[in-house]
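Novice: Encoded as structure tokens, here's the structure I'll be asking about.
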Amino acid sequence: MKTLVSTMAGLTLLFLGGCYESPNVTTYEPGVYKGPKDPLMMGKADQRAETLKKRFELVQMDR
Amino acid sequence: MARMKFLCDAERCIECNSCVTACKNEHEVPWGVNRRRVVTLNDGVPGEKSISVACMHCTDAPCAAVCPVDCFYTTDDGIVLHDKDLCIGCGYCFYACPFGAPQYPQQSAFGVRGKMDKCTFCAGGPLADNSNKEYEKYGRNRIAEGKLPLCAEMCSTKALLAGDGDMIADIYRQRVLKRGGRPQTWGWESAYGASG
Numbered sequence: 001m002k003t004l005v006s007t008m009a010g011l012t013l014l015f016l017g018g019c020y021e022s023p024n025v026t027t028y029e030p031g032v033y034k035g036p037k038d039p040l041m042m043g044k045a046d047q048r049a050e051t052l053k054k055r056f057e058l059v060q061m062d063r
Numbered sequence: 001m002a003r004m005k006f007l008c009d010a011e012r013c014i015e016c017n018s019c020v021t022a023c024k025n026e027h028e029v030p031w032g033v034n035r036r037r038v039v040t041l042n043d044g045v046p047g048e049k050s051i052s053v054a055c056m057h058c059t060d061a062p063c064a065a066v067c068p069v070d071c072f073y074t075t076d077d078g079i080v081l082h083d084k085d086l087c088i089g090c091g092y093c094f095y096a097c098p099f100g101a102p103q104y105p106q107q108s109a110f111g112v113r114g115k116m117d118k119c120t121f122c123a124g125g126p127l128a129d130n131s132n133k134e135y136e137k138y139g140r141n142r143i144a145e146g147k148l149p150l151c152a153e154m155c156s157t158k159a160l161l162a163g164d165g166d167m168i169a170d171i172y173r174q175r176v177l178k179r180g181g182r183p184q185t186w187g188w189e190s191a192y193g194a195s196g
């Protein structure tokens with residue numbers, strides 16, 4: 001009888017354990033980029049803009 | 001902050017397709033995928049006009065707005081890029097893009113789409129700059145090397161311009177002033193007539 005009760009209690013605990021709900025909810029943010037950050041964006045954009053401006057003047061300006 | 005843009009001057013484009021060839025060669029773009037193409041209006045008719053079209057790196061990109069997995073991002077200088085690891089090849093961006101820029105490689109039978117591929121403004125993707133992995137997935141990263149897109153840099157007539165939008169606009173404005181009049185290839189009058 002004792003064994004039966006303890007088995008039942010164990011099974012009940014196991015069953016209820018399956019009802020556990022994680023408090024860490026993953027919230028989906030629409031329209032927000034989900035991938036890794038581009039190394040290009042870690043550099044200095046102003047410095048790059050200056051370099052590209054010089055390049056543009058060198059190669060693409062009207063002759 | 002500079003905003004990178006393309007502009008194709010239809011009065012100068014001679015439909016040589018060098019921009020298309022340069023792009024395919026530079027990035028080893030696979031068969032069936034065209035990141036850039038030349039479209040000719042009134043082909044064969046005297047006065048035909050051609051323009052070179054690719055991703056226009058929209059300020060408010062519709063492809064990014066419809067992407068269900070949010071794989072698009074915009075760099076500080078306005079270049080629209082995407083992550084191929086997130087892309088599921090659904091094709092929504094293709095329907096949303098007014099320029100037909102997104103392309104899909106055929107990877108298996110029954111028309112199953114692969115990961116979307118498009119013009120990167122020669123800026124690669126979200127992998128280490130100029131790494132082998134970045135090159136295989138997105139092509140060469142010329143921006144990281146301080147260079148501008150090859151299609152524009154090697155355009156023989158300088159019809160295709162790529163760079164800071166303000167600088168491009170200045171050049172185009174000077175050309176229009178020199179020609180004496182606005183080109184009538186497109187615009188309100190071409191679409192709806194003078195009395196429209």
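First to last, the sequence lines map onto chains A and B.
Residue 1 is where the first sequence starts when you use our numbering, and the numbers rise one by one after that.
Residue 1 is where the second sequence starts when you use our numbering, and the numbers rise one by one after that.
The C-beta atom is built at its ideal place from N, Cα and C for all residues, glycine as well.
Just so we're clear, the structure is a prediction, and the values are computed from it rather than from any experiment.
1. Is the CB of residue 150 of chain B under 8 Å away from at least one CB in chain A?
2. Residues of chain A with a CB under 9 Å from the CB of residue 71 of chain B: which are they?
3. Under a three-way DSSP split, which group does residue 163 of chain B fall into?
4. By the three-class DSSP mapping on this structure, what secondary structure does residue 53 of chain B have?
5. Suppose the cutoff is 6 Å on Cβ atoms and the five residues either side in sequence are ignored; what does the same chain contact list for residue 9 of chain B look like?
6. Excluding the five sequence neighbours on either side, which residues of its own chain have a C-beta within less than 6 Å of the C-beta of residue 48 of chain A, listed in chain order?
7. Applying a beta-carbon distance threshold of less than 7 Å, which residues of chain B neighbour residue 41 of chain A?
8. For residue 30 of chain A and residue 68 of chain B, what's the separation of their Cα atoms in angstroms?
9. Any C-beta of chain B sitting closer than 8 Å to the C-beta of residue 49 of chain A?
10. Using a Cβ cut-off of 7 Å, pull out every chain A residue sitting near residue 128 of chain B, in sequence order please.
11. To which residues of the same chain is residue 93 of chain B closer than 7 Å at the C-beta, ignoring the five residues directly before and after it?
12. Let me check understanding here. Comparing Cα to Cα, which of B:172, B:6, B:90 and B:52 lies closest to residue 34 of chain B?
13. Under three-state DSSP, which class holds residue 116 of chain B?
14. Who are the neighbours of residue 171 of chain B on chain A, taking C-beta pairs under 9 Å?
15. Mind listing, in chain order, the continuous beta strand (DSSP E) runs of no fewer than 3 residues lying wholly within the region 5-86 of chain B?
16. Could you tell me whether the region 11-24 of chain B touches the region 144-164 of chain B, where touching means 3 or more Cβ pairs closer than 8 Å?
17. Residue 5 of chain B touches chain A at which residues, Cβ-Cβ below 9 Å?
18. Taking only heavy atoms of the ligand SAM into account, decide whether any of them is closer than 7 Å to the Cβ of residue 130 of chain B.
19. Does the separation of the CB atoms of residue 40 of chain A and residue 146 of chain B fall below 8 Å?
20. Quick check: residue 55 of chain B and residue 35 of chain A, are their CB atoms within less than 8 Å of each other?
Specialist: This is what the structure holds:
1. In the second sequence, counting from the first residue as 1, residue 150 of chain B sits at position 150. With 8 Å as the cut-off, residue 150 of chain B does not count as an interface residue toward chain A.
2. Position 71 of the second sequence, counted from the first residue, corresponds to residue 71 of chain B. What residue 71 of chain B touches in chain A: 33, 34 and 35.
3. Here the question's residue 163 of chain B lines up with position 163 in the second sequence. Here residue 163 of chain B sits in strand by DSSP.
4. Mapped onto the second sequence, residue 53 of chain B falls at position 53. In the structure shown, residue 53 of chain B sits in a strand (DSSP, three-state: E or B).
5. Stepping through the second sequence from its first residue, residue 9 of chain B is reached at position 9. Within the same chain, 159 come within 6 Å of residue 9 of chain B by CB-CB distance, once the 5 residues on both sides are set aside.
6. Residue 48 of chain A sits at position 48 when you count from the first residue of the first sequence. Its chain contains no residue whose beta carbon lies nearer than 6 Å to that of residue 48 of chain A once the 5 sequence neighbours on both sides are disregarded.
7. Against the first sequence, residue 41 of chain A aligns to sequence position 41. In chain order: 75 and 76.
8. Taking the first sequence and counting its residues from 1, one reaches residue 30 of chain A at position 30. Taking the second sequence and counting its residues from 1, one reaches residue 68 of chain B at position 68. One C-alpha to the other measures close to 8 Å.
9. In the first sequence, counting from the first residue as 1, residue 49 of chain A sits at position 49. Chain B contact via Cβ: present.
10. Translated into positions along the second sequence, residue 128 of chain B becomes position 128. Result: 39.
11. For this step, residue 93 of chain B is matched to residue 93 along the second sequence. Cβ contact annotation for residue 93 of chain B (same chain, cutoff 7 Å, sequence separation greater than five): 63, 66, 67, 102 and 116, in chain order.
12. Walking along the second sequence from the start, residue 34 of chain B turns up at place 34. Closest in C-alpha terms to residue 34 of chain B, from the list B:172, B:6, B:90 and B:52, comes B:52.
13. Reading the second sequence from its first residue, position 116 is the one you call residue 116 of chain B. When DSSP states are grouped into helix, strand and coil, residue 116 of chain B belongs to the coil group.
14. For the purposes of this step, residue 171 of chain B is taken as the residue at position 171 of the second sequence. Near residue 171 of chain B (Cβ distances below 9 Å), the residues of chain A are 60, 61 and 62.
15. Listed in chain order, the complete beta strand (DSSP E) runs (minimum 3 residues) inside the region 5-86 of chain B are 37-41, 49-53, 72-74 and 80-82.
16. The region 11-24 of chain B vs the region 144-164 of chain B: in contact.
17. Stepping through the second sequence from its first residue, residue 5 of chain B is reached at position 5. When 9 Å is used as the limit between beta carbons, residue 5 of chain B is near no residue of chain A, the shortest such separation being about 11 Å.
18. Although the ligand SAM was asked about, the structure shown includes no ligands whatsoever.
19. Walking along the first sequence from the start, residue 40 of chain A turns up at place 40. Walking along the second sequence from the start, residue 146 of chain B turns up at place 146. Not a contact, by the Cβ cut-off of 8 Å.
20. As a first step, residue 55 of chain B is located in the second sequence; it is residue number 55 there, counting from the start. As a first step, residue 35 of chain A is located in the first sequence; it is residue number 35 there, counting from the start. No, the pair does not count as a contact, with Cβ atoms beyond the cut-off.
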